[in-house]
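Engineer: Numbering (this note's numbering), first residue to last: 6 to 143. If you scroll down you'll find the structure; I have some questions about it.
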Amino acid sequence: TLPDPASRQRALASAVATWAQQDAATAAAWTATTPADTGRDALFADVVSHWSVQDLAAASNYVASLGDAALQKAGALALAPTLAQADPRAALDWAAKLPRLDTRQEATRAIYRHWLDNDPAAARAWAAKSGHRFETNP
């Protein structure tokens, strides 16, 4: 047992990251059951980020199905870069189906920012047509 909380958190994060590389679905399910005050949301985001590279569809379906608002938000924001890279329009459609307004808005904003970095003209054209209002320098 590590006496220092920061050391324990680093060790846990390292172990969970290694686990996520081997079996991200199981690591995500386990992380989702840990208490929120253990840095769960950050651990979960790291797992989802690994998982999204391995199986984007499974990771995004899992995150969309979560009942825990904080976990869903952490997962959605962790997925945003990979979703936006794969297919920004499909990513925005996915975000639009998230059940909680704040998570939908933050995920949409994050996906848009990544899209804007990669294809500014297409991202701005989508924003203009969609009615979404984003800052010009998100």
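Backbone N, C-alpha and C define an ideal beta-carbon position, used for all residues, glycine too.
Here's the rule I'm using: 16 or more other beta-carbon atoms within 10 Å means buried, otherwise exposed. How should L121 be labelled?
Structural biologist: Looking at its Cβ environment, which holds 16 or more other Cβ atoms inside 10 Å, L121 is buried.
Engineer: Closest to A16 by CA distance: which of T31, L48, T38 and S135 is it?
Structural biologist: Nearest C-alpha to A16: L48.
Engineer: Please determine, among P40, W56 and R129, the residue with the shortest C-alpha to C-alpha distance to Q26.
Structural biologist: If we check each option's Cα against that of Q26, W56 comes out closest.
Engineer: Spatial neighbours of T113 within its chain, please: C-beta separation below 8 Å, excluding the five flanking residues on both sides.
Structural biologist: These residues qualify, in order along the chain: L97, A100, A101 and H137.
Engineer: Does the distance from the C-beta atom of A33 to that of V58 stay below 8 Å?
Structural biologist: Cβ distance not < 8 Å, so A33 and V58 don't count as in contact.
Engineer: Do you know how far the Cα of A128 is from the Cα of H119?
Structural biologist: Roughly 9 Å separates the two Cα atoms.
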